[in-house]
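Chemist: Pasting a structure here, questions to come.
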Amino acid sequence: MGLRMATPWQRDKASPDYLRQRVPADLAQRLRGTVVNLEVAGELVAVKLGDDIKVSLWTKDATLARQR
29 MGLRMATPWQ RDKASPDYLR QRVPADLAQR LRGTVVNLEV AGELVAVKLG
79 DDIKVSLWTK DATLARQR
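The structure is reproduced here in structure tokens:
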């Protein structure tokens with residue numbers, strides 16, 4: 029069974045797209061609450077680890093969200 033690629037996710041039509049990716053359980057247990065930096069659109073964004081990672085892609089355009 030392969031892993032599914034992370035895809036942009038949108039809460040509703042008025043909100044920007046988000047990247048939402050599950051963190052493996054063994055890592056989530058050890059790293060819960062740790063802040064990591066991810067690059068989005070050429071800028072670093074601080075994200076706190078939990079059961080999943082959720083970060084805004086700062087766009088509502090589906091094509092641009094897939095590129096980011």
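Mapped onto my numbering, the consecutive letters of the sequence shown carry residue numbers 29 to 96. Idealized CB from N, CA, C, for every residue including glycine. Model, not experiment: these values are computed from the prediction.
Using a 10 Å radius around the Cβ and a threshold of 16 neighbouring Cβ atoms, would you call P36 buried or exposed?
Modeler: Buried, because 16 or more other Cβ atoms sit within 10 Å of the Cβ of P36.
Chemist: If you draw a straight line from the C-alpha of L59 to the C-alpha of A53, how long is it?
Modeler: Cα to Cα, the separation comes out at about 10 Å.
Chemist: Answer with buried or exposed for A34, where buried requires no fewer than 16 other C-beta atoms within 10 angstroms of its C-beta.
Modeler: Classification of A34: exposed, given that the 10 Å Cβ count is below 16.
Chemist: Since D89 contacts Q49 with CB under 8 Å, what's their CB separation in whole angstroms?
Modeler: That belief does not hold up - the Cβ atoms of D89 and Q49 are roughly 20 Å apart, past 8 Å.
Chemist: Helix, strand or coil, according to DSSP, for R60 in the structure here?
Modeler: If DSSP states are grouped into helix, strand and coil, R60 belongs with coil.
Chemist: For L85, which residues of its own chain have a beta-carbon under 7 Å away from its beta-carbon, when the five flanking residues on both sides are left out?
Modeler: Excluding positions up to five away in sequence, the list reads P36, P44, D45, Y46, L47, V68, A93, R96.
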